[in-house]
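Once you know that position 24 of the sequence shown is 24 in full-length UniProt numbering, the rest is easy, because the numbers rise by one and skip nothing. Every residue gets a Cβ at the ideal spot worked out from N, C-alpha and C, and that includes glycine. If you're wondering where the values come from, they're calculated on a predicted model, not measured in any experiment. What follows is a single structure, written as structure tokens, with notes after it.
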Amino acid sequence: MTLYLVDTSVWIGFFRASPTAAVERLKALLAIGIEIGTCTAVLQEILQGTTDQRRFNQYRSYFETQPIHLPRDPIRSTIAAAQMYFDCRRQGITVRSSNDCLIAQMALEHGLILLHDDEDFRRIGRVVPELREVSR
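Below you can see the structure in the form of structure tokens.
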């Protein structure tokens, strides 16, 4: 059973061997065999950020073997993510990437802890207290 949804911000640090607290937590989770997963929005962000075909293929191959969490109901999930973005904005909180609301929604829907290194998720967590997010 997957316990963590890992955000793009952590995967990028992991692939670049950046020594951030979130990357160290990901390494620790992998070392003890905790199942981690991601979602299609994260997969897209990772793949579209590659700079060459070899790395694109390498990342694609890796993520094809990992749990990818899908929306339980694509329309309702999208509406819930848009509502999340709207609620943040209404409270004066700017979420820089609407994709982050989709990612947070996937964590909520699947009861996962969102492992990230992105200020957007801390902001979202102030408006959506049921979002379990950790960056350290």
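Proximity of residue i and residue j at Cβ, strictly below 8 angstroms
{"i": "R126", "j": "A21", "result": "no"}
{"i": "G37", "j": "P67", "result": "yes"}
{"i": "L3", "j": "L112", "result": "yes"}
{"i": "I93", "j": "R123", "result": "yes"}
{"i": "L115", "j": "V10", "result": "yes"}
{"i": "D117", "j": "D100", "result": "no"}
{"i": "L5", "j": "M106", "result": "yes"}
{"i": "S77", "j": "E109", "result": "yes"}
{"i": "L26", "j": "F14", "result": "yes"}
{"i": "F56", "j": "T65", "result": "no"}
Per DSSP, cross-strand counterpart(s) of residue i
{"i": "C39", "result": "H69"}
{"i": "E133", "result": "L114"}
Residue i: first and last residue of the uninterrupted beta strand (DSSP E) it sits in
{"i": "I6", "result": "The amino acid at residue 6 is misidentified as Ile; the sequence shows Val. Where V6 is concerned, the enclosing beta strand (DSSP E) stretches over 4 to 6."}
8 angstroms contact criterion, which residue i and residue j should meet: CB distance rounded
{"i": "V42", "j": "D7", "result": "6 angstroms"}
{"i": "L47", "j": "Y59", "result": "6 angstroms"}
Delimiting residues of the alpha helix (DSSP H) encompassing residue i
{"i": "D120", "result": "119 to 127"}
{"i": "Q58", "result": "53 to 63"}
{"i": "P74", "result": "74 to 90"}
{"i": "S98", "result": "98 to 109"}
{"i": "V23", "result": "21 to 31"}
The ligand SAH heavy atom lying under 7 angstroms from the CB of residue i
{"i": "C39", "result": "Summarising the ligand content, the structure contains no ligands, and the ligand SAH is consequently not present."}
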